[in-house]
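Structure record follows, encoded as structure tokens.
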Amino acid sequence: MGSLCIDARKLYDIENEVRKSYPLECCGLLIGTNTSEKKVVEVYPVQNKNTERTHDRYEIDGKEFTRVDKEAAKKGLQIIGIYHSHPDHPAIPSAFDTEHAWFGYSYMIIAIEKGKKIEVRSWIYDEVKKQFEEEEITRI
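Under full-length UniProt numbering, residue 140 is the last one in the sequence shown; the count climbs by one each step, no gaps.
Encoded structure:
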């Protein structure tokens, strides 16, 4: 099992965004390095482009993804993952999440229950097993 390193302040910022967005799903990009360890250097919130099922689906604009990736590359960084919230659902990947997963990225899911209680977990899609494997989150 791998590990995703993230600064406690950045994680706090994500959790705040999740609380503000509740009961709708929010999403964003995790930007950093993926060498001997995955380390989040920047968190980039993006608009949820799914307007029909904002309570249980997220969609990131492909153009924005590409633009953010190019900006990160200028700093020697890359998009290493995606985060999104699960309002009133567990912090485990849904069938939709699994169908739309890309190999190599971390998928941080933040469950929020009744607008308050938060659980944060991260997952990596295993292409061979065609399923998610949990990865440890290391707060730095």
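For every residue, glycine included, the Cβ atom is placed at its ideal position computed from N, Cα and C.
- Non-local C-beta neighbours of K49 in its own chain, meaning closer than 7 Å and more than five positions away in sequence, comprise E59, I60 and D61, ordered along the chain.
- The UniProt domain "JAB1/MPN/MOV34 metalloenzyme" (7-137) is shown to contain whole alpha helix (DSSP H) runs of 4 or more residues at 8-21, 62-74 and 95-99, in chain order.
- Counting C-beta pairs closer than 8 Å gives three or more between the stretch 93-103 and the stretch 116-128, which meets the contact rule.
- Your pair V18 and G32 does not check out as a contact, with CB atoms roughly 20 Å apart and the cut at 8 Å.
- For the pair S21 and P90, the Cα-to-Cα distance works out to about 17 Å.
- Note on geometry: alpha-carbon atoms of K63 and G81 lie some 16 Å from one another.
- Scanning its chain for C-beta atoms nearer than 7 Å, with the 5 sequence neighbours on each side dropped, one finds around T54 the residues L24, E25 and N48, in chain order.
- Around the C-beta of F132, 16 or more other C-beta atoms lie within 10 Å, and the residue is accordingly described as buried.
- With respect to the 9 Å criterion, D13 and V43 are classified as neighbours on the basis of their beta carbons.
- Within 10 angstroms of the beta-carbon of I109 lie 16 or more other beta-carbons, which makes it buried.
- If the five residues before and after I118 are omitted, its C-beta is found closer than 8 Å to the C-beta atoms of E15, V18, R19, I110, A111 and I112, all from its own chain and listed in chain order.
- Taking every protein chain shown into account, the CB of V46 has 16 or more other CB atoms within 10 angstroms, so this residue is buried.
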